[in-house]
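Asker:
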Amino acid sequence: MSKTYVNNYKPPAPTPIADVDAVLSSTEPYDVNFAFPIHLDTLSCPTVRIAPFVPALHLKTYWEHVGPKAPELFRFYTFCPEGYTDLIPFFERFRANPEWCMFAVFDRTRKTGEAAQDGEDGEFAGVMSLYNTSATNLHTEIGFVLIFPKFQGTHVARTSIGLLLRYCLEKPDAPLPGLGFRRIQWCANPQNVKSVGLAKRLGFREEGVLRWMYFLSPDLPDTIKEVATVKKDKDGQVEGYGRFTIYLGHCWDDWEERGRALIEDVLRK
Numbered sequence: 170m171s172k173t174y175v176n177n178y179k180p181p182a183p184t185p186i187a188d189v190d191a192v193l194s195s196t197e198p199y200d201v202n203f204a205f206p207i208h209l210d211t212l213s214c215p216t217v218r219i220a221p222f223v224p225a226l227h228l229k230t231y232w233e234h235v236g237p238k239a240p241e242l243f244r245f246y247t248f249c250p251e252g253y254t255d256l257i258p259f260f261e262r263f264r265a266n267p268e269w270c271m272f273a274v275f276d277r278t279r280k281t282g283e284a285a286q287d288g289e290d291g292e293f294a295g296v297m298s299l300y301n302t303s304a305t306n307l308h309t310e311i312g313f314v315l316i317f318p319k320f321q322g323t324h325v326a327r328t329s330i331g332l333l334l335r336y337c338l339e340k341p342d343a344p345l346p347g348l349g350f351r352r353i354q355w356c357a358n359p360q361n362v363k364s365v366g367l368a369k370r371l372g373f374r375e376e377g378v379l380r381w382m383y384f385l386s387p388d389l390p391d392t393i394k395e396v397a398t399v400k401k402d403k404d405g406q407v408e409g410y411g412r413f414t415i416y417l418g419h420c421w422d423d424w425e426e427r428g429r430a431l432i433e434d435v436l437r438k
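As structure tokens, then:
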């Protein structure tokens, strides 16, 4: 019997490695390649503002804050960079996807010290992103949130996440226009109780846990493996590491019922 199908799949060619020096020394405007309008007024309030992350402006400062404590700060991630040049492919992967965007967060209450380098006010305080976005289904995920140690425990994390929620969930014709999405997702290692607690305080509702959602390399730092899920064989030998993931959602009905009022209160503080 003759075959009625073939499988001509070929692995895609490796993504070219970005020229680190070219990225960091570029004086051209950085193309964020984002498929949605960026409403900077919606992404700002008196205490915090959010703007696209620009490697030439922000990456070295990012690493100055993160590098010395990377194994601990990336404890709940699925990777850990060894140097700031390792992050260029990561950020370039974000830029290559038009439904993803990495943002820089600025604390506007700090008027002295290390100023913002994009001509605006505030001190660079961390990063967060929108990814796993679907323009068709009107949903996205807030992820890769990393607030620098000196800003942790302040207003910065809750306020910046509140701004992203407003940006995503407000309608395009609102006074402060948004994207009109219907679902914003938050995912975390179930052991990351601070992350889960923060999301819940900002109106996210717990939806469940997916087991073995992410593969973790055995070569990762011990700080990551300590909070990983481990499968062992009958002799007690490690077969592999992975991450269970708790899912939370803040949806358009949540926003209209109580989310908007909750976040407006957060942004006023």
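Numbered according to the numbering used here, the sequence shown terminates at residue 438, and the numbering increases by one at each position without gaps.
Ideal placement from N, C-alpha and C gives every residue a C-beta, glycine not left out.
Please work out which residues of its chain come closer than 7 Å, Cβ to Cβ, to Asn-176, disregarding the five sequence neighbours upstream and downstream, and give them in chain order.
Answerer: Hits under 7 Å: none found.
Asker: Could you tell me whether the Cβ atoms of Gly-295 and Phe-263 are closer together than 7 Å?
Answerer: No, the Cβ-Cβ distance between Gly-295 and Phe-263 is not below 7 Å.
Asker: Can you give, in chain order, each stretch of the beta strand (DSSP E) that sits fully within the region 365-390 and has at least 3 residues?
Answerer: Entirely contained in the region 365-390, the beta strand (DSSP E) runs reaching 3 residues are, in chain order, 374-385.
Asker: Less than 7 Å between the C-beta atoms of Leu-315 and Ala-368, yes or no?
Answerer: Against a cut-off of 7 Å, the Cβ pair of Ala-368 and Leu-315 comes out as no contact.
Asker: What ranges does the beta strand (DSSP E) occupy inside the region 218-254, keeping only unbroken runs of at least 3 residues that lie completely in it?
Answerer: The qualifying runs do not exist here; there are none.
Asker: Apart from the five residues just before and just after Lys-238, which ones in its own chain have a Cβ nearer than 7 Å to its Cβ?
Answerer: Pro-318, listed in sequence order.
Asker: When burial is assigned at 16 or more other CB atoms within 10 Å of the CB, is Ile-186 buried or exposed?
Answerer: The residue in question, Ile-186, is exposed, as its Cβ has fewer than 16 Cβ neighbours within 10 Å.
Asker: Restricting to Cα atoms, I'd like to know which of Val-217, Arg-412, Tyr-178 and Leu-209 is closest to Val-435.
Answerer: With distances taken between Cα atoms, Val-435 lies closest to Val-217.
Asker: Beta carbon of Tyr-410, beta carbon of Leu-379: below 7 Å?
Answerer: No.
Asker: Go ahead and label Glu-339 buried or exposed: buried means 16 or more other beta carbons lie within 10 angstroms of its beta carbon, across all protein chains shown.
Answerer: Buried.
Asker: Let's test the definition: count the other Cβ atoms within 10 Å of the Cβ of Cys-303 and tell me whether it reaches 16, buried, or not, exposed.
Answerer: Before going on, a small fix: residue 303 reads as Ser here, not Cys. Burial call: exposed.
Asker: So, helix, strand or coil for Asp-276, using DSSP?
Answerer: DSSP places Asp-276 in strand when its eight states are reduced to three.
Asker: Classify Trp-269 as helix, strand or coil using the three-state DSSP reduction.
Answerer: Coil.
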